[in-house]
Amino acid sequence: MILISGYFIYPSLVGGLGDWMDLDNIECVSSSDGMDEDEIQQHHTLNPHPHHHHSDFSSTKPRNGATNLGPTAIAPATSVHELLECPVCTNSMYPPIHQCHNGHTLCSTCKTRVHNRCPTCRQELGDIRCLALEKVFHCFGQYFCLHFEAFQLGMAPVYMAFLRFMGDENEARNYSYSLEVGANGRKLIWEGTPRSIRDSHRKVRDSHDGLIIQRNMALFFSGGDRKELKLRVTGRIWKEQQNPDAGVCIPNLCS
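Per my numbering, residue 11 is the first one in the sequence shown, and the count goes up by one each step.
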């Protein structure tokens with residue numbers, strides 16, 4: 011089981027909804043409260059993505075107070091996400107990953123959409139596979155990404171935190187996680203199954219499959235003058251264990 015915590019800090023919420031939705035300058039801090047022996051390795055990204063108005067957190071680099079949760083150090087997560095991002099659909103690429111003669115990559119779905127032309131340099135794509143990136147993807151078998159987004163639910167501005175698993179949907183179902191946020195004697199708790207990285211963050215967001223915090227509650231939890239967003243989201247990840255007698259999944263309480 012892994013215990014996780016993340017701080018979501020935004021300096022000012024004064025202004026219109028456009029200002030509130032602009033999270034490009036959000037300060038992101040992630041740390042570990044503890045980790046038991048398990049094969050799970052936590053993967054967050056530190057810096058917010060400049061295009062999607064969502065932020066990921068990284069536990070791989072002791073920067074901004076973050077700590078390394080895994081048994082071995084890995085490359086900075088932001089760079090990995092950028093490498094795996096398709097330039098056409100902006101979703102995470104998974105095998106087969108195609109590339110042009112100049113090394114530009116895109117996913118197999120978008121290869122047909124661009125009529126076999128590289129969207130970056132307009133060269134013919136051909137049938138070249140980017141085996142290096144495919145190996146990078148496959149090494150993510152036990153990694154997770156914690157996402158944080160601001161969007162509108164109807165007419166109401168909300169925040170949402172959710173977890174994605176770096177693997178297939180069937181593999182993601184082997185795990186469960188919980189997230190909670192609270193202050194001043196109040197608390198919101200979410201428990202669910204991580205979504206696959208093959209589900210775009212927009213798809214997860216639109217399905218509301220995560221911890222949703224209304225703006226007024228986010229400001230209440232932040233305290234202070236209710237003009238600065240400062241949330242501490244905590245949670246845990248655990249692996250489900252198959253019960254051979256009952257044929258159902260039960261929490262792995264021994265990990």
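Glycine included, C-beta positions come from ideal geometry on N, C-alpha and C.
Terminal residues of the alpha helix (DSSP H) in which residue i lies
i: serine 118; result: 118 to 123
i: histidine 211; result: 211 to 216
i: leucine 143; result: 141 to 148
i: asparagine 180; result: 179 to 182
Which residues DSSP lists as bridging residue i, in chain order
i: glycine 202; result: Tyr187
i: glutamine 162; result: Pro167
i: threonine 115; result: Gln109
i: cysteine 155; result: Arg174
i: glycine 192; result: Lys197
i: glutamate 92; result: According to DSSP, which records beta bridges pairwise, glutamate 92 is partnered with nothing at all.
i: arginine 127; result: Glu134
Spatial neighbours of residue i in its chain, beta-carbon cut-off 7 Å, leaving aside the 5 residues before and after
i: aspartate 29; result: With a pLDDT of 45 at aspartate 29, under the threshold of 50, the predicted position of this residue should be treated as unreliable, and no value is reported.
i: threonine 130; result: Pro97 and His114
i: proline 204; result: Phe154, Leu173, Arg174, Phe175, Ala182, Tyr185 and Tyr187
i: serine 210; result: Asn101
i: cysteine 9; result: Residue 9 lies beyond the residue range present for the chain, which begins at 11 and ends at 265; the question has no answer from this structure.
i: arginine 215; result: Glu159, Phe161 and Met170
Cβ-based neighbour list, residue i, same chain, cut-off 6 Å, excluding 5 preceding and 5 following
i: cysteine 110; result: Cys128, Gln133 and Leu135
i: serine 102; result: Leu94 and Ile207
i: valine 243; result: Gly16, Ala171, Leu189 and Val191
i: glutamate 144; result: Pro105 and Ile107
i: histidine 218; result: none
i: proline 72; result: Confidence in proline 72 is poor, its pLDDT being 31 and thus under 50, which makes the residue's placement unreliable; the coordinate value appears in the next sentence. Excluding residues within five positions, none has a Cβ falling inside 6 Å.
i: asparagine 226; result: none
i: lysine 213; result: none
Unbroken beta strand (DSSP E) run spanning residue i, endpoints
i: glutamine 133; result: Where glutamine 133 is concerned, there is no enclosing beta strand (DSSP E), given that its DSSP letter is neither H nor E.
Residues near residue i by beta carbon distance below 8 Å, same chain, minus five either side
i: phenylalanine 230; result: Ala193, Asn194, Arg196 and Arg236
i: isoleucine 247; result: Met11, Ile12, Ile14, Ile50, Gln52, Phe154, Leu173, Tyr185, Ser186, Tyr187 and Pro204
i: asparagine 112; result: Cys128, Thr130, Cys131 and Gln133
i: aspartate 178; result: Ser206 and Arg208
i: isoleucine 138; result: His108, Gln109, Cys110 and His111
i: glycine 25; result: In this prediction, glycine 25 scores a pLDDT of 45, lower than 50, which makes its location untrustworthy; the coordinate-derived value is nonetheless stated afterwards. Nothing listed; no residue qualifies.
i: cysteine 117; result: Cys96, Val98, Cys99, Asn101, Met103, Tyr104, Ile107 and His108
Chain C within 9 Å of residue i, Cβ atoms only
i: lysine 197; result: Absence of chain C from the displayed structure is noted, only one protein chain being present.
Touching or not, the stretch 162 to 170 and the stretch 219 to 230, by the rule of three or more beta carbon pairs under 8 Å? Yes: the two stretches touch, three or more of their Cβ pairs being nearer than 8 Å.
Taking the runs of the beta strand (DSSP E) that are 3 residues or longer, which of them lie wholly in the stretch 222 to 252? 239 to 252
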